[in-house]
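Participant:
Residue numbers (this note's numbering), protein chains in the order written: chain A, 1 to 198; chain B, 1001 to 1162.
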């Protein structure tokens, strides 16, 4: 019981503190609402990237495997919505910068990482939505979904770490570290690389 | 990843090249003939608005954009050249007309324009500069500040005659 409370409290802190810390950024005073919205959609997306491996690995106490999977599905859809909001908001703020990013000719190194993570994220979500229609063996499907998810996570972390001016730096590094930690933990727990029939 | 490093590095190396060639040019004029034109930087022309007016200062000021304009080849300083400047500052986004202004180089080919403090936008604290008049080839620069707290930013043009 105590363990359960501690885990949920830590998770709650891990996802709220970076958002609150970023809300205190002095740069917000000099940004339009749509640009601020785009930035926070990115931060919320990173928080959802922490939820996803934790739910997939069934680490969270009090959630049955079925509930975990349902939450994983909803967090995945929320993540897609966050990505779309992020890119749309940036597009409205500065169309040429977003066009450069999408075409991989941006001046900023983190843009390419973000765009790669966006596409792999979309593909991972699509594999989730089409799981039954794809008619793949479950372990093969899972390996594909996880490979795309890893690309999304690594791309997003590289993207976030290289950006200056949106997230507070300490909480950004901490959140990115937790996302990586949760992902590695889940990969190890599920042994996703074992695709042969057991 | 390497692209931005390269563009930042090339800015530094070209700046150094300008200084080095300029210095040696004073000592040994024949050596300066190799000064290569500055290429446009990636994203340099983003949110460009042609024909920004020549102004004494952009907005409230407090931040200085500085630089030099020289001719490719002999490295001669170019006076009276119009340089357009814009950035995301404490007073507006890059696309806002009031974030744009232009200035002219002095007899030594130097320019400096006071503008509001540049703040990080799209992940980097950076400014934009353009040369787009008739005499030389158009160049767009996008220098990045080493710290968001910097109160000045420099950009150097070596222009190719048309």
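Beta carbons are placed, not taken as given, at the ideal position from N, Cα and C, and that holds for glycine.
Tell me the rounded alpha-carbon separation between residue 67 (chain A) and residue 73 (chain A).
Facilitator: Your numbering for residue 67 (chain A) matches position 67 in the first chain. Your numbering for residue 73 (chain A) matches position 73 in the first chain. About 10 Å.
Participant: Do the segment 1066-1077 of chain B and the segment 1045-1057 of chain B make contact, defined as three or more Cβ pairs closer than 8 Å?
Facilitator: no
Participant: Pick helix, strand or coil for residue 1157 (chain B), following the three-state DSSP scheme.
Facilitator: Within the second chain, numbered from 1, the residue matching residue 1157 (chain B) stands at position 157. Reduced to three states, the DSSP call for residue 1157 (chain B) is strand.
Participant: Around the C-beta of residue 1150 (chain B), are 16 or more other C-beta atoms found within 10 angstroms, so that it is buried, or is it exposed?
Facilitator: Along the second chain, read from residue 1 onward, the residue named residue 1150 (chain B) stands at position 150. Exposed, since its Cβ has fewer than 16 Cβ neighbours within 10 Å.
Participant: For residue 7 (chain A), which residues in the same chain have their Cβ closer than 8 Å to its Cβ, ignoring the five residues on either side in sequence?
Facilitator: Here residue 7 (chain A) refers to the residue found at position 7 when the first chain is read from its first residue. Hits under 8 Å: 59, 60, 61.
Participant: Note down, in chain order, each residue of its chain lying with its Cβ closer than 7 Å to the Cβ of residue 48 (chain A), except the 5 sequence neighbours on either side.
Facilitator: What you label residue 48 (chain A) is simply residue 48 of the first chain in a count that begins at 1. By the criterion of a C-beta distance shorter than 7 Å, residue 48 (chain A) is surrounded in its chain by 75, 78, 79, 82, once the five residues flanking it on both sides are discounted.
Participant: What residue range is occupied by the uninterrupted alpha helix (DSSP H) comprising residue 57 (chain A)?
Facilitator: Counting from one through the first chain, the residue named residue 57 (chain A) turns up at place 57. Per DSSP, residue 57 (chain A) belongs to no alpha helix (DSSP H) and is neither H nor E.
Participant: Spell out whether any CB of chain A is found under 7 Å from the CB atom of residue 1142 (chain B).
Facilitator: The count along the second chain starts at 1 and reaches residue 1142 (chain B) at position 142. Chain A, which has a Cβ nearer than 7 Å to the Cβ of residue 1142 (chain B), makes this yes.
Participant: Kindly list the residues whose CB is nearer than 7 Å to the CB of residue 124 (chain A), restricted to its own chain and excluding five residues on each side of it in sequence; keep chain order.
Facilitator: Your numbering for residue 124 (chain A) matches position 124 in the first chain. Only 145, 148, 149, 152 meet the Cβ criterion.
Participant: Put residue 1142 (chain B) into one of helix, strand or coil per three-state DSSP.
Facilitator: Within the second chain, numbered from 1, the residue matching residue 1142 (chain B) stands at position 142. Looking at residue 1142 (chain B) - three-state DSSP - the assignment turns out to be coil, as it is neither helix nor strand.
Participant: When you measure from the CB of residue 80 (chain A) to every non-hydrogen atom of the ligand GDP, does any distance come out below 6 Å?
Facilitator: Summarising the ligand content, the structure contains no ligands, and the ligand GDP is consequently not present.
Participant: Which residue marks the beginning of the alpha helix (DSSP H) containing residue 1083 (chain B), and which one marks its end?
Facilitator: Walking along the second chain from the start, residue 1083 (chain B) turns up at place 83. Annotation for residue 1083 (chain B): no alpha helix (DSSP H) segment contains it, though the beta strand (DSSP E) segment containing it runs 1082-1087.
Participant: For residue 1119 (chain B), decide whether its Cβ has a neighbour in chain A, counting only Cβ atoms nearer than 7 Å.
Facilitator: In the second chain, counting from the first residue as 1, residue 1119 (chain B) sits at position 119. Residue 1119 (chain B) counts as touching chain A.
Participant: List, in order along the chain, the chain A residues whose C-beta lies closer than 7 Å to that of residue 1122 (chain B)?
Facilitator: Your numbering for residue 1122 (chain B) matches position 122 in the second chain. Chain A residues near residue 1122 (chain B): 94, 97, 108.
Participant: Measure the Cβ-Cβ separation of residue 158 (chain A) and residue 176 (chain A) and say whether it is below 7 Å.
Facilitator: In the first chain, counting from the first residue as 1, residue 158 (chain A) sits at position 158. In the first chain, counting from the first residue as 1, residue 176 (chain A) sits at position 176. Not closer than 7 Å, so no.
Participant: Measure the C-alpha to C-alpha separation of residue 18 (chain A) and residue 12 (chain A) and round it to an integer number of angstroms.
Facilitator: Position 18 of the first chain, counting from 1, holds the residue named residue 18 (chain A). Position 12 of the first chain, counting from 1, holds the residue named residue 12 (chain A). The alpha-carbon atoms of residue 18 (chain A) and residue 12 (chain A) are separated by roughly 11 Å.
Participant: Out of curiosity, what's the CA-to-CA distance linking residue 1093 (chain B) and residue 1087 (chain B)?
Facilitator: The residue given as residue 1093 (chain B) occupies position 93 in the second chain. The residue given as residue 1087 (chain B) occupies position 87 in the second chain. Going from the Cα of residue 1093 (chain B) to the Cα of residue 1087 (chain B) covers about 7 Å.
Participant: Specify the secondary structure class of residue 1031 (chain B) as computed by DSSP and reduced to three states.
Facilitator: Here residue 1031 (chain B) is taken as the residue at index 31 of the second chain, counted from 1. The pLDDT assigned to residue 1031 (chain B) is 46, lower than 50, so where the model puts this residue is not dependable, and the model offers no usable value.
Participant: If we ignore side chains and look at the alpha-carbon of each, how far apart do residue 1152 (chain B) and residue 118 (chain A) end up?
Facilitator: Within the second chain, the letter at position 152 stands for residue 1152 (chain B). Within the first chain, the letter at position 118 stands for residue 118 (chain A). Distance from the CA atom of residue 1152 (chain B) to the CA atom of residue 118 (chain A), rounded to whole angstroms, is 35 Å.
Participant: Relative to chain B, which residues along the segment 148-165 of chain A have a C-beta separation below 8 Å, given in chain order?
Facilitator: 162, 163, 164, 165
Participant: Taking a Cβ distance cut-off of 7 Å, strictly less, list which residues of the segment 3-35 of chain A are near chain B, in chain order.
Facilitator: 27, 30, 32
Participant: Return the first residue and the last residue of the beta strand (DSSP E) that residue 1128 (chain B) is part of.
Facilitator: Stepping through the second chain from its first residue, residue 1128 (chain B) is reached at position 128. Here the beta strand (DSSP E) through residue 1128 (chain B) covers 1127-1131.
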